[in-house]
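Reviewing the structure listed below.
Protein chains: 2
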Amino acid sequence: MKRSGEFHWISTYLAPLAGAGSFGLRDDAALMDVPTGKSVVVTQDAIASGIHFLPDTPLDLVARKALRVNISDIVAKAAVPHSYSMALGVPDIWQDKDIASFASGLAGDQEQYGIQLTGGDIYRSPDRLCIAVTMFAMIDPAHYKSRLGANDGDVIMVTGTIGDAALGLKLATGELQADSKSTDYLVNAYHLPDPPVATAALAAIAQYSTASMDISDGLVGDCRKLCVASNVSAVIDRSSIPLSDAAALLVSDDDRLWTTICTGGDDYQVLCTLPASDKTEFQRMCASDNVMATHVGCIKDATSGSVSLDIAGKWVSIEDDSFSHF
Amino acid sequence: MKRSGEFHWISTYLAPLAGAGSFGLRDDAALMDVPTGKSVVVTQDAIASGIHFLPDTPLDLVARKALRVNISDIVAKAAVPHSYSMALGVPDIWQDKDIASFASGLAGDQEQYGIQLTGGDIYRSPDRLCIAVTMFAMIDPAHYKSRLGANDGDVIMVTGTIGDAALGLKLATGELQADSKSTDYLVNAYHLPDPPVATAALAAIAQYSTASMDISDGLVGDCRKLCVASNVSAVIDRSSIPLSDAAALLVSDDDRLWTTICTGGDDYQVLCTLPASDKTEFQRMCASDNVMATHVGCIKDATSGSVSLDIAGKWVSIEDDSFSHF
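The listed protein sequences derive, respectively, from chains P and U.
Under this note's numbering, read the first sequence as residues 400 to 725, first letter to last.
Under this note's numbering, read the second sequence as residues 400 to 725, first letter to last.
In structure tokens, the structure reads:
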């Protein structure tokens, strides 16, 4: 067992990840240049062992998930991830090989997403790995997409497929069984979110969406948050929710698993609203960059914050609709 | 016992703290405007129960400490704290009254320092309160002070008094005894750092310092970090280290307690270097805004990163010199 000190870990494993303005992690702070006319998008999500990921998850995947749950928020604002700061709470059982594995995951995603580490903190978190990432993007503030602008009659669109990660968590914990190919696919979706960073998809969100957010706590619950913020309501057509082949095979017409799909969370796809007349062009732009965008419902100018599921023509109101990591 | 949900806590206790660009905490991210010609100083420090503060510390003080350990980093960069994002890991025992107390501490320091909350995350941290704050400042990048510029012959200056918090921790845990007045003063210094945010002190650091950092892990160890970053060495005259009356009374000529003073950490004062010819004006500017600045040593162009303590004319090299929260 080998565990070097904090400063060795920073200089050996983290300093190679440091980008512009970080002083090679040798300073107390970073200096972030912002181009004239741009504002900074700031988001911060933390993940903790046993809460947001299973304790036996390979550490390179944990590192990637810590980044991607934040990349997902940035993308949903129609912005391109730029850099991040990280507070890393290290459990007492970690050895050098563990920080090495964790850093390799960061390095992989830094390359994949073109982002860099600006700084942060390493501290002792005796019993539980905990990672708080603060992520930054530079954006023309006129292009920022909040949750607050959905209008009566807008269509509700989602990117990618929904429910894979929630099913994957049930498979990983043994609560559900499936064939090994489906299990691999869905468990991987739980471990490794895949937010839609494609350039054309971001351009489509920036150009057409009236409100946008990522789906982290479940499609229905997050849609409700968007509705509350925009002071509207929504109906989601359950049969139109896009499923992966693996999820479709598993769910079939099992109402309990449909609830998992709709409320389980960890999707890290974009949920956005746009005028119905822009739907086709929005879908075409997304598809041009290999992002599937699906029309799953519509916005109603009704009681604020109510979300109904249309299940085969019957409207079902969902109350306990959101996964809480809290 | 009452514990409302995450979203109630955000809207009731945290949303009133939210500033410009935060969308009242109703969005996934914040939008931070940066004036033309300014860059953003970014720093992130986390504190966890039982590691950085005692588990029975009143929660309003914990909140203030979480902010002040970051304010300290910003101030040491000669910048004025602007805003912060916070990832709050909430233990299972927290009730509504606990988040209320914590939020009241945030509110108090927001008013004292003129800062605002931009966003963040609340999540479950079952057994241990953990707060990761990312703090921002806007600065003309030419005025940013890193650790990297100390020169041979520079004097080493510190603000305020050193060692109070480290003695306070020993008093709070019963490892040390003192009269009640001294105990109150020193324990309070541990709970509630008081970084030197005074305008004239910041101007003096910006104008004269060649390198600057805050003292969080101990005077000697942090001075070593500055020396390593600047590729120089240092001698600190132990007898010139500024002590509060309470600390001076307690320490007297006890070498063991002098080690606590020099290496205990949690000072959250500024350590900076400057040309000897600027010392008087630096001290005058600081004093004009009620910040005491003391000359405690000097920079030598010798073996990189070595720090010696001059104790009554005898140079003592300190090896295990830095408190680790890790």
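Built from N, CA and C at the ideal position, the CB exists for glycine as well.
Keep in mind that this is a model prediction, so the values were computed, not measured.
Between the options, which lies nearest to residue i when the distance is taken from Cα to Cα?
i: Cys-697/U; options: Leu-570/U, Ala-645/U, Ala-536/U, Arg-637/U; result: Arg-637/U
i: Val-634/U; options: Cys-622/U, Ile-521/U, Lys-437/U; result: Cys-622/U
i: Arg-523/U; options: Lys-569/U, Thr-582/U, Gln-494/U; result: Gln-494/U
i: Leu-453/U; options: Thr-693/U, Asp-539/U, Lys-624/U, Leu-528/U; result: Leu-528/U
i: Arg-463/U; options: Gln-509/U, Ile-492/U, Ala-478/U, Val-627/U; result: Gln-509/U
i: Val-695/P; options: Lys-496/P, Leu-708/P, Asp-688/P, Gly-548/P; result: Leu-708/P
i: Ile-498/U; options: Gly-573/U, Arg-467/U, Pro-457/U, Tyr-607/U; result: Pro-457/U
i: Ala-675/U; options: Gly-552/U, Ala-577/U, Ser-639/U, Asp-593/U; result: Gly-552/U
i: Ser-687/P; options: Ala-602/P, Leu-656/P, Ala-531/P; result: Ala-602/P
i: Gly-420/U; options: Trp-408/U, Ile-530/U, Val-433/U; result: Val-433/U
i: Lys-699/P; options: Leu-673/P, Asp-677/P, Asn-689/P; result: Leu-673/P
i: Asp-539/P; options: Lys-476/P, Tyr-412/P, Ala-645/P, Leu-424/P; result: Lys-476/P
i: Ala-597/U; options: Thr-411/U, Glu-574/U, Gly-712/U, Asn-689/U; result: Asn-689/U
i: Thr-572/U; options: Val-479/U, Pro-480/U, Asp-455/U; result: Asp-455/U
i: Ile-640/P; options: Ala-701/P, Thr-693/P, Gln-511/P, Ser-403/P; result: Thr-693/P
i: Pro-480/P; options: Ser-403/P, Pro-595/P, Arg-683/P, Leu-591/P; result: Pro-595/P
i: Ile-492/P; options: Gly-712/P, Ala-478/P, Lys-678/P, Lys-401/P; result: Lys-401/P
Listing by chain order, which chain U residues have their CB less than 7 Å from the CB of residue i?
i: Gly-519/P; result: Gln-443
i: Met-726/P; result: Residue 726/P is absent from the structure shown; chain P starts at 400 and stops at 725.
i: Thr-435/P; result: Thr-435
i: Tyr-543/P; result: Leu-430
Between the beta-carbon of residue i and the beta-carbon of residue j, is there less than 8 Å?
i: Tyr-667/U; j: Ser-716/U; result: no
i: Val-440/U; j: Leu-430/P; result: yes
i: Leu-568/P; j: Tyr-589/P; result: yes
i: Ala-565/U; j: Gly-418/U; result: no
i: Met-691/U; j: Gly-559/U; result: yes
i: Asn-469/U; j: Met-534/U; result: yes
i: Val-631/U; j: Leu-642/U; result: no
i: Ala-610/P; j: Cys-685/P; result: no
i: Gly-518/U; j: Ala-428/U; result: yes
i: Phe-681/P; j: Met-556/P; result: yes
i: Leu-570/P; j: Val-586/P; result: yes
i: Asp-459/P; j: Ser-500/P; result: yes
Determine the chain U residues that contact residue i at a beta-carbon separation under 8 Å, and present them in chain order.
i: Pro-540/P; result: Leu-430, Asp-432
i: Ser-438/P; result: Gly-420, Leu-430, Met-431, Asp-432, Val-433
i: Ala-701/P; result: Within chain U, no residue comes near Ala-701/P; the closest Cβ sits about 19 Å away, beyond 8 Å.
i: Ala-366/P; result: What the structure shows of chain P is the stretch from 400 to 725, and residue 366/P is not part of that stretch, so it cannot be assessed.
i: Ala-577/P; result: Under the 8 Å cutoff, chain U gives no residues; its nearest Cβ is about 28 Å from Ala-577/P.
Hey, how far is the Cα of residue i from the Cα of residue j?
i: Lys-544/U; j: Thr-659/P; result: 52 Å
i: Ala-465/P; j: Asp-426/U; result: 19 Å
i: Gly-662/P; j: Leu-618/P; result: Checking the displayed sequence, the identity of residue 662/P turns out to be Thr instead of Gly. For Thr-662/P and Leu-618/P, the distance between alpha carbons rounds to 6 Å.
i: Val-554/P; j: Ile-604/P; result: 13 Å
i: Val-461/P; j: Gly-488/P; result: 13 Å
i: Asp-654/P; j: Ala-647/P; result: 12 Å
i: Ser-629/P; j: Gly-562/U; result: 52 Å
i: Ser-705/P; j: Phe-422/P; result: 49 Å
i: Ser-726/P; j: Pro-490/P; result: A query on residue 726/P cannot be resolved here, the shown segment of chain P reaching from 400 to 725 and no further.
i: Ala-600/U; j: Ile-446/P; result: 38 Å
i: Met-485/P; j: Trp-714/P; result: 43 Å
i: Ile-710/U; j: Ile-450/P; result: 51 Å
i: Ser-482/U; j: Gln-515/U; result: 5 Å
i: Thr-582/P; j: Ser-703/U; result: 55 Å
i: Arg-546/U; j: Tyr-607/U; result: 14 Å
i: Ile-473/P; j: Met-612/P; result: 9 Å
i: Asn-550/U; j: Ala-541/U; result: 18 Å
i: Leu-505/P; j: Leu-416/P; result: 8 Å
i: Ile-521/P; j: Ala-502/U; result: 25 Å
i: Gly-620/U; j: Pro-525/P; result: 23 Å
Return the bridge partner residues of residue i from the DSSP annotation.
i: Ala-447/P; result: Cys-529/P
i: Gly-488/U; result: Tyr-522/U, Cys-529/U
i: Trp-714/U; result: Asp-709/U
i: Ile-698/P; result: Ala-633/P
Given that residue i touches chain U, what residues does it touch there, using C-beta distances under 9 Å?
i: Thr-533/P; result: Val-441, Gln-443, Ser-484, Ala-486, Gly-519, Ala-531, Thr-533
i: Lys-476/P; result: Asp-426, Asp-427, Ala-428, Leu-430
i: Ala-605/P; result: Ordered by position in chain U, no residue passes the 9 Å Cβ test against Ala-605/P, which lies about 14 Å from the chain.
What does residue i reach in chain P if we use C-beta pairs closer than 9 Å?
i: Leu-585/U; result: Under the 9 Å cutoff, chain P gives no residues; its nearest Cβ is about 24 Å from Leu-585/U.
i: Ala-502/U; result: What Ala-502/U touches in chain P: nothing, since even the nearest Cβ is about 16 Å away.
i: Ala-633/U; result: Chain P residues near Ala-633/U: none, gap ~16 Å exceeds 9 Å.
What residues from chain P crowd round residue i, counting only those whose CB sits closer than 8 Å?
i: Leu-547/U; result: Phe-422, Arg-425, Asp-426
i: Ser-524/U; result: Ala-447, Ile-450, Arg-527, Cys-529
i: Ala-417/U; result: Ordered by position in chain P, no residue passes the 8 Å Cβ test against Ala-417/U, which lies about 12 Å from the chain.
Using a Cβ cut-off of 7 Å, pull out every chain P residue sitting near residue i, in sequence order please.
i: Asp-472/U; result: Asp-427, Ala-428
i: Ala-599/U; result: Per Cβ cutoff of 7 Å: no residues; Ala-599/U is ~21 Å from chain P at best.
Closer than 7 Å: is that where the CB of residue i sits relative to any heavy atom of the ligand GTP?
i: Ile-660/U; result: Among the components of this structure there are no ligands whatsoever, and the ligand GTP is therefore not found.
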